[in-house]
Every structure is written in C-alpha cells, then in structure tokens.
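Here's the structure we're looking at; comments come further down.
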Amino acid sequence: MSHKRPIGIFDSGIGGISIWKEIITLLPNENTIYLADSKNAPYGQKSKEEIIEFSVKNTELLLERNCKLIVIACNTATTNTIKYLRANYNIPFIGIEPAIKPAALQTKTNAIGILATKGTLSSELFNSTSQKFSEGINIIEQIGEGLVPLIESGNIDSVEMDNLLRKYLNPMLEKNIDYLVLGCSHYPFLIPKIRKIVGNKITIIDSGEAVAKQTLSILKQQHKLLNNNIKPHHKLYSNSGITTIQQIVNDLKKNYLIKKLDF
Ligand code: DGL
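Residue numbers (the working numbering): 1060 to 1322.
This is how it looks when you write it as structure tokens:
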C-alpha cells in the first residue's frame, strides 16, 4: 500500500536527526529513511552548485527507496536547492529555514540573533525572508563557522566548542537580543551549552517541530498518512563514520542502529 512508503529525510550529517526525532514523535506510525551525508559535511562552506549536486544525489537515492515525501532536514540545502528540487522532481519536498518570522513578530527588544551557516545566510531565499521581517528590527546574523565539524567529530563537549559559542553569542547579547534563532539543524544539539551562555531570559527557537507539523499537514492533505498500529521501520544510513551519529541517536533513547552506506 502506498501509504506504507517511507518518509525520506536527508541532511549533511547528524543535524537532521534533530528533525527526524520530531517527525517520529508527531507521526509515530510512519516509516522513515534517514541519510546522513557526513562524507560531504559541512555543506555550509560549499558552493551552491555543490550543494545542489549533493542534494540531487540524496534525493535520487530516496526516490530509489520509494519514498512518498522528502524532508530536507538541512537549512543550507533547503535555502540553496529547494526551488531546483521542486522544479525537477515530482514528489513533495518539505524544507527547513531559519525561523525569523516568529522571532521578529515576538521580539520586545527589537533585536534578534540568527546563528546559521555561511551557505544559508548568503542564500537568496534567506535574504528575501529576512528582508520581509526586518523593518524596525535589528537582525544580528552570525556564521557558526567551525560548529558543524566539531559536532560531526563528536566534540560537542570541548573547550573549543565553548570558546566558539562565546565568540558568536556574546556580541549578540551586547546588542540586547531577546530571541535567538538556530538556523542550522545541527545546532539544537548545542542548546544546553548555548543556554549556559545566554541565560534564561532569551528564547531559543529552532524549526524542528514546525517541520514535523508541516509534514503531517502535507501527508493529510494528500491522503498519504499511514494509520495503522504496526511498529514502524526506521532505516538510518551514514556514508562516513557512524560512532557519533549512533551516540546521538542513543542519547535520544531511540533504539536504532545506524548503518554505513556508500552514497
Ligand atoms: N545541518 C545543516 C543546516 O541545517 C548543514 C550544516 C553544514 O553541513 O554546514 O544548515
């Protein structure tokens, strides 16, 4: 039955697991296939052409595996490729973008911080959204250079990570932000560390839950929701080392084994 076809999810690596977690929580019956393209991480420093090439490769593998919908669980890939993918493949795509809108609509200090990759912050899609909501608001953009490689290599709890986060966040605090938007799907894994630096008065927003809700809404709309109580299959693949991603999945108390796959 076509409803049983899996939801395909891809990211440049571990980051999209933060989205996968929200999807399997909100849609507990659905089957999923997750691709961590860690071999090519970080996408954030690559050219648009390269990001399109990787996203096409990931999409074609998910199509071969008969996915019914694809979630681009990566802000960098979404902001640089979703238009291309939608124009070239006949399957629904759901993307993730930095949540500027809720931050801009709710800020009281009229200053919000956005931490994202260079690829996202320089994309047309990000800049047009940012312009729409920037009137009267100081949007402080910061490239999180170096954060993704540290996460991918299992060095979240390192002095280097603490130093980088302080370097990126302290100038935002000086500008009196009250909202911090995490514009990269890898960054939710840093929330406990970020919280220690920014304190409790700042609202941290990431887009994981919104993506899961959008996935639910599109599947409903297209009558493709899986409504049974059979235990779902989740297939998680990485094309590079699996130790760190396995640890992250274990920490979420999700009992699934990551497999190595050459793609
Ligand atoms: N996790 C991705 C994002 O949301 C990309 C990080 C990277 O590979 O640079 O932007």
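For glycine and all other residues, C-beta sits at the position ideal for the given N, C-alpha and C.
By alpha-carbon distance to ILE1304, the top candidate from PHE1152, PRO1157, PRO1208 is PRO1208. Here the stretch 1151-1167 lies against the stretch 1187-1203, with 3 or more beta-carbon pairs under 8 Å apart. If you draw a 10 Å sphere on the C-beta of PRO1065, you find 16 or more other C-beta atoms in it, and that means buried. Boundaries of the alpha helix (DSSP H) harbouring GLY1178: 1177-1180, taken from the DSSP string.
In this structure, DSSP gives ALA1158 a state outside helix and strand, which the three-state scheme calls coil. DSSP, read as helix, strand or coil, puts SER1297 in strand. Note on GLY1195: under 16 other CB atoms within 10 angstroms of its CB, so exposed under the neighbour-count rule. If you draw a straight line from the Cα of SER1266 to the Cα of ASN1287, it is about 27 Å long. Secondary structure in the stretch 1168-1254: the beta strand (DSSP E) runs of 3 residues or longer, each lying completely within the stretch, are 1170-1175, 1197-1202, 1238-1242 in chain order.
Looking at the backbone, the Cα of GLN1104 and that of GLY1178 are separated by about 6 Å.
Under the three-pair Cβ rule at 8 Å, the stretch 1289-1296 does not count as touching the stretch 1100-1119. Cβ atoms of ILE1236 and ILE1261 come within 8 Å of each other, at about 7 Å. Scanning SER1217, LYS1098, PRO1230, ILE1202 for the CA closest to the CA of VAL1257 turns up PRO1230. Short note on TYR1093: C-beta not closer than 7 Å to any heavy atom of the ligand DGL.
In the DSSP secondary-structure assignment, PHE1322 is not bridged to any residue. A Cβ-Cβ distance of about 6 Å is found for the pair LEU1241 and LEU1174, placing them in contact under the 8 Å criterion. In the three-state reduction of the DSSP assignment, ASP1070 falls in the strand class, which pools E and B. Here DSSP, grouped into helix, strand and coil, assigns TYR1093 to strand. By the neighbour-count criterion, in which a residue is buried when 16 or more other Cβ atoms sit within 10 angstroms of its Cβ, HIS1245 is buried. According to the DSSP assignment, THR1166 belongs to no beta strand (DSSP E), since it is labelled neither H nor E. Sorting ALA1162, ASN1088, LEU1206 by C-alpha distance to the C-alpha of ILE1253 places LEU1206 at the top.
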